[in-house]
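Each residue of the sequence shown is one higher than the one before, starting from 1 at the first, in UniProt numbering. Ideal placement from N, C-alpha and C gives every residue a C-beta, glycine not left out. Source: prediction; values computed, not measured.
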Amino acid sequence: MRGKGPGRRVAGELESAVLAVLWEADGPLTPSQTQEALIRDGHELAYTSVATTLARLHGKGMLERTVAGRGHAYTPTAAAARQLADRMRGLLGDGRGRAEVLSHFVAGLTADDEATLLALLAAAEDDEPSTGGGSVPVAGELPGSRP
Numbered sequence: 001m002r003g004k005g006p007g008r009r010v011a012g013e014l015e016s017a018v019l020a021v022l023w024e025a026d027g028p029l030t031p032s033q034t035q036e037a038l039i040r041d042g043h044e045l046a047y048t049s050v051a052t053t054l055a056r057l058h059g060k061g062m063l064e065r066t067v068a069g070r071g072h073a074y075t076p077t078a079a080a081a082r083q084l085a086d087r088m089r090g091l092l093g094d095g096r097g098r099a100e101v102l103s104h105f106v107a108g109l110t111a112d113d114e115a116t117l118l119a120l121l122a123a124a125e126d127d128e129p130s131t132g133g134g135s136v137p138v139a140g141e142l143p144g145s146r147p
């Protein structure tokens, strides 16, 4: 993004919103379907802004692109999740305030996110030598997840 003037988004906000929409989708979305979903989520964006963001995310390896009619449809790659996790770790930093930042993060989790995080921590403990690659449980499928 170019700046922080009135009406400007924070750097990375549009990419994050687009990725969130694509992760929620049941399959690949075209730019117009992505734009419609973003508008439903309260993001008033021009088609060209959405199409450009999708193309840039594809160029970064964060989206897979398939032919859909005369255009393309997009879906997130596994690399997208890894890159966002790396970005989160970078924002967390390794300073002395790390525990406080984590505390605020955990306090803001939804019940579903909390259950998913607990399940992931338990799975990581069980699979310590493994690098992952299995499916990630969702809160509704977890024993003891909150309603």
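Residue range G71 to P76 is occupied by the beta strand (DSSP E) that includes A73, with no alpha helix (DSSP H) assigned at that position. Here DSSP, grouped into helix, strand and coil, assigns R65 to strand.
The DSSP assignment places no complete beta strand (DSSP E) segment of no fewer than 3 residues inside the segment 21-50. Judged by pairs of C-beta atoms under 8 angstroms, the segment 86-104 does not touch the segment 30-47, as fewer than three such pairs exist. T110 carries a coil assignment under DSSP once its states are collapsed to helix, strand and coil. Its Cα nearest to that of Q35, the residue A51 stands out among P28, A51, A111 and G27. Only buried fits A115, as 16 or more other CB atoms lie within 10 angstroms of its CB.
Cβ-Cβ distances below 7 angstroms link Y47 to P31, S32 and Q35 in the same chain, with the five nearest sequence neighbours on each side left out; the list follows chain order. Counting C-beta pairs with one atom in each stretch, the segment 13-23 and the segment 61-81 have three or more that are closer than 8 angstroms, which means they touch.
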